[in-house]
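First the structure, in the form of structure tokens, and then the observations on it.
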Amino acid sequence: MPPRSQEEATPFLLNPRLDKAYIALQAFKHAIVSDPKNFTGDWCGPHVCNYTGVYCAPAPDDKHIYTVAGIDLNHGNISGCLPDDLGLLTDLALLHINSNLFSGTLPESFSSLKLLFELDASNNLLSGPFPSVVLKLPSLKFLDIRFNSFHGDVPKEAFDLKLDAFFVNDNNFQFSLPENIGNSPVSVLVVANNQLINGCLPRSLANMSQTLNEIIIQNSNLSSCIPPELGNLISEEKDEGKNPPYEITGSEANDVPPIVLSPDSDKSHRAEVHNFFKRNFKFLVTDTVEEADTNRGSDNWPEHLGKFLIFHLYKENKDTQEALGVIGKMLGVQQRSFGFAGTKDKRSISTQRVTIFKQHAKKLAALNSRLIGIKVGDFGYVREGLVLGQLSGNRFTITLRGVVAESQDIVKAAADGLRRNGFINYYGLQIKQRPFLRDARGMLSKENGDIDVALRQFPRHLVAERAVLQCLKKCPGNYLQALKGIPRTLRMMYVHSYQSYLWNHAASKRVQKHEMPEAAIPDQLVHLVKVVDSEDLLAGRFAFDDVVLPLPGEFSITDMKGDYRRVFQRPVDFVWELLTYTDDNIPLAETDLDVISKVRPDAVTVDETINGNSGHKAKDENEEMTKMALQLEFTLPASCYATMAIRELLKTSTSVAYQKTINN
437 MPPRSQEEAT PFLLNPRLDK AYIALQAFKH AIVSDPKNFT GDWCGPHVCN YTGVYCAPAP
497 DDKHIYTVAG IDLNHGNISG CLPDDLGLLT DLALLHINSN LFSGTLPESF SSLKLLFELD
557 ASNNLLSGPF PSVVLKLPSL KFLDIRFNSF HGDVPKEAFD LKLDAFFVND NNFQFSLPEN
617 IGNSPVSVLV VANNQLINGC LPRSLANMSQ TLNEIIIQNS NLSSCIPPEL GNLISEEKDE
677 GKNPPYEITG SEANDVPPIV LSPDSDKSHR AEVHNFFKRN FKFLVTDTVE EADTNRGSDN
737 WPEHLGKFLI FHLYKENKDT QEALGVIGKM LGVQQRSFGF AGTKDKRSIS TQRVTIFKQH
797 AKKLAALNSR LIGIKVGDFG YVREGLVLGQ LSGNRFTITL RGVVAESQDI VKAAADGLRR
857 NGFINYYGLQ IKQRPFLRDA RGMLSKENGD IDVALRQFPR HLVAERAVLQ CLKKCPGNYL
917 QALKGIPRTL RMMYVHSYQS YLWNHAASKR VQKHEMPEAA IPDQLVHLVK VVDSEDLLAG
977 RFAFDDVVLP LPGEFSITDM KGDYRRVFQR PVDFVWELLT YTDDNIPLAE TDLDVISKVR
1037 PDAVTVDETI NGNSGHKAKD ENEEMTKMAL QLEFTLPASC YATMAIRELL KTSTSVAYQK
1097 TINN
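Here the sequence shown is numbered in the numbering used here, starting from 437 and rising by one per residue.
Structure follows, in structure tokens:
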């Protein structure tokens, strides 16, 4: 093999730019909450040039090293946001993320992407004002933000950009075409399906005759005068058919109605159709549009309403995903149309806020008569949908039945202690998955080790185990690939479980070493984050529940990437009361549905509250049958576990082995 040229870049050799790219891409991966096609499943390790959808090339200023030049995650149905760390990709020339479910907006850190040439963020759930950060991208030639929920004005400075193509159609913009539009060198400009403020089309449009091939303004409620200078747009070359004609239409009442072809989900085939018309029918203009009344909502949506319907979801004996799946089937929409801040457990009776894209309240309200264990109500309209992680916390009502104690004073002391001192903020059982089989061979048929036999015997709900076996069937002996076959969201649960395992042990060591002081102690990290010194201690600036420990993850000491978690957590708005009851089958707590329906549990009396007020006697005449219950109401921040508060209150283990002994 001949020696490699000194001018050739070395593929995959790590360098400072790829180190930064690793930080940026890992932050991007962690900002993704759903990746149904597993695009980022192999985004592991420092060799970012091997990541799916990531393209590397020699650095423009140093051909000896490779750097990340492009990201293409088109049509992934990926949910999440765009993190600030993407600004570390300073050599990025191409960013394609169209046809996903990204929300939020373009981060200001994009101003560091001085080499960005193409930016396609179309067909997402991005919102907010026009992303002015694009005005700071000197190399940008292609900008596509159509089919999002951006609103407000399109700044006139956008038309000074040296773009070749500019797509802002199908948003909620309200703006006038500025006089400086003639400065734009674009060949394609599409602003259709927005709200253009009435006024004359700018005379300066005539200045674009040398570059402009297509301009589409249709369905923008434009009714104005057309200046005579626009006649200069028709050059001799365009008369000869060497370029496509313009389409400058301002209303739906066109002289020639558009011809709409049947829906086509194949992007490459759609491109062939466009090219066919451009080659053979140069007098026609083609465009890809979303069909009305699809699962993304009707195009005839009232302008005064936000595009998202927000409502309360009440559910019993179902988790959030299952409940929304039922509603989605009844509405005929995909589950991705819903947005919510957090998943509620199947075993809880819960109420939470949910958003859905372009649906009318009366349509959802009509489902209540058909829904079992699910109710919807309290409707409103908002501009932006909810996304995972937006919740600030959860409000709990927990009733402990059959309380046995030598006296009520013991119960009262325990409840007051929890209110005053809180609990060790361990990760609870919910974050821990069932144990994964260590040896994949142990999952095979005991008789002959046949994978097909094992798959037939494995229940469908064992998703991870079945995925491992199916991969081993395709690639015998490749256990690493078999592990990667587990769906990413489920696979990440094992990583999260290990993170929680490490943090829980660190918290235990910290408590064993320092117990629970009244205040923070020197050298401890305090939330937001400060190392406590003796001066802080003397001043009494921090309490014991301000102390945090770092959550193990992919972060370095230098930039402190990662997260911190409080070691101790006190419940907020804590209220408790003692109840007496006689019937085990009667609910002791009112659900939100009970409150609305004015239904109250019978055969229950309040014996004592947190304020010490005496309650009523039990209704049952047989005092020997009266039982005691402790009812707690409190709020915890996101990612805190009520089971850990109960653990502290009852002083019992939450281990799986101990819980099995209770169940038995």
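Every residue gets a Cβ at the ideal spot worked out from N, C-alpha and C, and that includes glycine.
Residue i to residue j span [Cα, whole Å]
i: Lys-592; j: Arg-582; result: 18 angstroms
i: Asn-649; j: Val-812; result: 50 angstroms
i: Ser-1089; j: Ile-1082; result: 10 angstroms
i: Ser-424; j: Ala-457; result: Since the displayed the chain opens at 437 and closes at 1100, residue 424 lies outside it and no answer follows.
i: His-532; j: Thr-647; result: 25 angstroms
i: Ser-545; j: Val-1008; result: 36 angstroms
i: Leu-938; j: Asn-510; result: 36 angstroms
i: Asp-781; j: Gln-826; result: 17 angstroms
i: Leu-807; j: Glu-1026; result: 20 angstroms
i: Asp-556; j: Pro-519; result: 16 angstroms
i: Met-1061; j: Pro-1023; result: 17 angstroms
i: Phe-611; j: Asn-605; result: 12 angstroms
i: Lys-909; j: Ala-529; result: 40 angstroms
i: Gly-775; j: Met-766; result: 17 angstroms
i: Leu-891; j: Asn-474; result: 23 angstroms
i: Gln-770; j: Glu-1013; result: 43 angstroms
Residue environment, residue i, which counts as buried when at least 16 other CB atoms sit within 10 Å
i: Tyr-1017; result: buried
i: Ala-841; result: exposed
i: Ser-1075; result: buried
i: Ser-563; result: buried
i: Asn-711; result: exposed
i: Cys-907; result: buried
i: Ser-773; result: buried
i: Gly-838; result: exposed
i: Asn-914; result: exposed
i: Met-644; result: buried
i: Leu-597; result: buried
i: Leu-760; result: buried
i: His-941; result: exposed
i: Gly-858; result: buried
i: Arg-1002; result: buried
i: Glu-708; result: exposed
i: Pro-843; result: Looking at the sequence provided, one finds Ser at residue 843 rather than Pro. That one is exposed.
Sub-7 angstroms separation of residue i and residue j beta-carbons
i: Gly-809; j: Glu-758; result: no
i: Val-469; j: Gly-516; result: yes
i: Gly-618; j: Ser-640; result: yes
i: Ile-922; j: Ala-903; result: yes
i: Tyr-491; j: Trp-479; result: no
i: Phe-744; j: Val-818; result: yes
i: Leu-430; j: Pro-482; result: Since the displayed the chain opens at 437 and closes at 1100, residue 430 lies outside it and no answer follows.
i: Thr-787; j: Asp-1028; result: yes
i: Phe-603; j: Val-626; result: yes
i: Asn-861; j: Gln-1005; result: yes
i: Ala-1065; j: Thr-835; result: yes
Collapsed DSSP secondary structure at residue i in the structure displayed
i: Ser-548; result: helix
i: Pro-452; result: helix
i: Ala-601; result: strand
i: Gly-523; result: helix
i: Glu-554; result: strand
i: Asp-508; result: strand
i: His-941; result: helix
i: Ser-640; result: helix
i: Gly-825; result: coil
i: Thr-1079; result: helix
i: Val-1008; result: strand
i: Val-1003; result: coil
Bounding residues of the alpha helix (DSSP H) (the contiguous stretch that carries residue i)
i: Thr-756; result: 756 to 767
i: Gly-813; result: Element bounds for Gly-813: not the alpha helix (DSSP H) but the beta strand (DSSP E), 810 to 818.
i: Tyr-915; result: 915 to 920
i: Gly-853; result: 844 to 857
i: Lys-799; result: 797 to 801
i: Val-1031; result: 1028 to 1033
i: Ala-890; result: 887 to 893
Boundaries (first-last residue) of the beta strand (DSSP E) holding residue i
i: Arg-831; result: 829 to 836
i: Arg-789; result: 786 to 793
i: Ile-533; result: That residue, Ile-533, is in no beta strand (DSSP E); it is neither H nor E in DSSP.
i: Met-1064; result: 1063 to 1073
i: His-587; result: 585 to 588
i: Tyr-409; result: For residue 409 there is no data in the structure shown, the boundaries of the chain being 437 and 1100.
Any C-beta of chain D under 7 angstroms from that of residue i
i: Ile-617; result: Considering every chain present, this structure includes no chain D. It has just one protein chain.
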